[in-house]
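Residue numbers (our numbering): 82 to 379.
Don't be surprised by glycine CBs; every beta carbon is placed ideally from N, CA and C.
This report concerns only the one structure given below.
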């Protein structure tokens, strides 16, 4: 059981690292002239083609019709709605506040999981999640200001992503991570393709821009999503979400290495706090589920 948790934690850490790198790749894609919707369309259409090719070449089983419909909704509705809420929030609030509001999702997943999935919570587990949130606040830093609509949109993005994770947790008990991720990517590609058809596209200009898009598709989508689904299957929704707070730590380290951005002492402290919470969660399995969710000493 303990070894299974460490393997799951390793997959989520890999996923967080791959997702964390996306901010760096996206900077190069944006500098090449590509807009957000175009990058998201290319991200999912490239990853969907790659994953579908792997599925067909290896003869893997596709999800059942019912679960495929759920996964399609996760990609076509969940990912699109979350992306829209997040980027729209940036028009009404500072980037630091929007990012921090998004990272409320580990707390929301933990609470919603206790209420709807009846997972019993120990005091230690609740404190670990709150500690990771505090570490995230230190890591993100920056100006925390915004209008009420920006706050509502930021919280909405976190809530949508929380539901996405919880629904994915249910599906992962019945389906393979690779097949599930493929359906999510295909659905997201279709919807973003429709948006491109309506609003038009701003394609990357130059080799660097296309390389950045390809890295977003392969590293920050295929590797990131499949790894997260594997970790979700092994750890459960709450722990996988909390361990994903490693993502901003990876982002600020990579930004320092590749973009020359300065590292603030608060970011180092925040990263250490997050790592501490992650290590604790990796070593302590959750309490068994019961018919009634509650917080107990532990």
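Contact under 7 Å by Cβ, residue 171 with residue 179
yes
Would residue 348 and residue 220 be called neighbours here (beta carbons separated by less than 7 Å)?
yes
Can you give the Cα-Cα distance for residue 182 and residue 251, rounded to whole angstroms?
Rounded to the nearest angstrom, the two C-alpha atoms are 25 Å apart.
Do residue 323 and residue 362 have their C-beta atoms within less than 7 Å of each other?
A contact, by the Cβ cut-off of 7 Å.
Report the rounded CA-to-CA distance for residue 378 versus residue 84, giving the unit in angstroms.
For residue 378, the predicted structure reports a pLDDT of 28, less than 50, and the residue's modelled location is therefore unreliable. A value from the coordinates is still provided. When rounded, the distance between both Cα atoms is 25 Å.
Simplified DSSP state of residue 335, which is helix, strand or coil
Three-state DSSP puts residue 335 in a helix.
Buried or exposed for residue 103, going by 16 or more other Cβ atoms inside 10 Å?
buried
Inspect the beta-carbon positions of residue 144 and residue 256 and report whether they are closer than 7 Å.
yes
Can you tell me which of the three DSSP states residue 202 falls into?
strand
Just curious, the alpha helix (DSSP H) that residue 245 is in, first and last residue?
229 to 253
Completely contained alpha helix (DSSP H) runs for the region 95 to 143, where each covers 4 or more residues
117 to 139
Excluding five sequence neighbours on each side, which residues of the same chain lie with their C-beta closer than 6 Å to the C-beta of residue 226?
175
Judging by CA-CA distance, which residue of 204, 236, 206, 244 is the nearest neighbour of residue 198?
244
Is residue 93 buried or exposed, if buried means 16 or more other CB atoms sit within 10 Å of its CB?
buried
Along the chain, where does the alpha helix (DSSP H) containing residue 360 start, and where does it finish?
346 to 364
Cα separation between residue 76 and residue 118?
The question about residue 76 has no answer, for the chain in this structure spans 82 to 379.
Residue 335 to residue 100 span [Cα, whole Å]:
The straight-line gap separating the alpha-carbon atoms of residue 335 and residue 100 is approximately 12 Å.
According to DSSP, is residue 70 helix, strand or coil?
What the structure shows of the chain is the stretch from 82 to 379, and residue 70 is not part of that stretch, so it cannot be assessed.
Specify, as a first and last residue, the run of the alpha helix (DSSP H) that residue 293 falls within.
288 to 298 is the extent of the alpha helix (DSSP H) around residue 293.
Residue 187, enclosing alpha helix (DSSP H) - first and last residue:
According to the DSSP assignment, residue 187 belongs to the alpha helix (DSSP H) that extends over 186 to 197.
Where residue 269 falls: helix, strand or coil (DSSP)
Secondary structure at residue 269: helix, using DSSP grouped into helix, strand and coil.
Exposure label - residue 289; buried when at least 16 CB within 10 Å:
exposed
Which stretch, first to last residue, makes up the alpha helix (DSSP H) that contains residue 178?
176 to 183 is the span of the alpha helix (DSSP H), which, as asked, contains residue 178.
Of the residues 302, 204, 87, which one's Cα is nearest the Cα of residue 120?
When 302, 204, 87 are compared, the shortest CA-CA separation from residue 120 is found for 302.
Would you report the Cα separation of residue 366 and residue 190, rounded to the nearest angstrom?
In this structure, the alpha-carbon of residue 366 lies about 16 Å from that of residue 190.
What would DSSP say about residue 86, mapped onto helix, strand or coil?
DSSP places residue 86 in the helix class (H, G or I) of the three-state scheme.
Assuming residue 287 contacts residue 122 under a Cβ cut-off of 8 Å, what Cβ separation, rounded to an integer in Å, is found between them?
About 18 Å separates the two Cβ atoms, so there is no contact after all.
Could you tell me if residue 90 is buried or exposed, where buried requires 16 or more neighbouring beta carbons within 10 angstroms of its beta carbon?
buried
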